[in-house]
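Heads up, the sequence shown is in the working numbering, so the first residue is 40 and it goes up one at a time. From the three backbone atoms N, C-alpha and C, an ideal C-beta is built for every residue, glycine too. As the structure is a prediction and not an experimental result, all values here were calculated from the model.
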Amino acid sequence: LRFSKATLRKQGVQYENAVCVIADGNSMEPVIPDGTTVGIDLGNKTIRDGKIYAINHGGLLRIKLLYNMPNEQVKIRSYNTEEHPDEIAELQDISVLGKVFWYSVLL
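Printed below as a string of structure tokens:
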């Protein structure tokens with residue numbers, strides 16, 4: 040998958056930090072359905088509340104909304120909260136891989 044320099048520049052992403060993954064599962068539906076291609080900025084790992092990030096949590100690659108919490112904790116949220124309720128994790132137990140800057144959904 041190729042991104043134009045203008046697209047990356049507009050998102051503040053350096054080309055060497057742009058990677059894509061395929062979303063797996065229904066936890067981020069309806070916004071990011073199963074099979075969606077997701078663009079991740081590996082250079083942007085600072086958590087801003089309510090933004091979407093790729094994380095390594097327990098050895099799993101997960102695409103989630105993150106929220107800073109007191110006491111070095113983070114709230115991990117899915118869009119599909121009915122099937123995937125919020126989780127609270129110790130910040131040391133997750134690794135933020137990067138911020139999602141783009142996704143593409145086929146209808």
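- Cα-Cα separation, GLU126 to ILE115: Against the sequence shown, residue 126 aligns to sequence position 87. Against the sequence shown, residue 115 aligns to sequence position 76. C-alpha separation (whole angstroms): 5 Å.
- Message: If contacts are defined as beta-carbon pairs under 8 Å, then ILE26 and ASN65 qualify, I think. What distance do you get, rounded to the angstrom?
- Response: Only positions 40 to 146 of the chain appear in the structure, and residue 26 is not among them; the question remains open.
- Do LYS138 and ASN83 have their C-beta atoms closer together than 8 Å? Position 99 of the sequence shown, counted from the first residue, corresponds to residue 138. Position 44 of the sequence shown, counted from the first residue, corresponds to residue 83. In this structure, ASN83 lies closer than 8 Å to LYS138 by Cβ.
- Message: Check for me: the beta strand (DSSP E) holding THR76 runs from which residue to which?
- Response: Within the sequence shown, the letter at position 37 stands for residue 76. THR76 -> beta strand (DSSP E) spans 76-80.
- Message: Would ASP80 and VAL52 be called neighbours here (beta carbons separated by less than 8 Å)?
- Response: To locate residue 80, count along the sequence shown from 1; it is residue 41. To locate residue 52, count along the sequence shown from 1; it is residue 13. Yes, Cβ-Cβ distance for ASP80 and VAL52 is below 8 Å.
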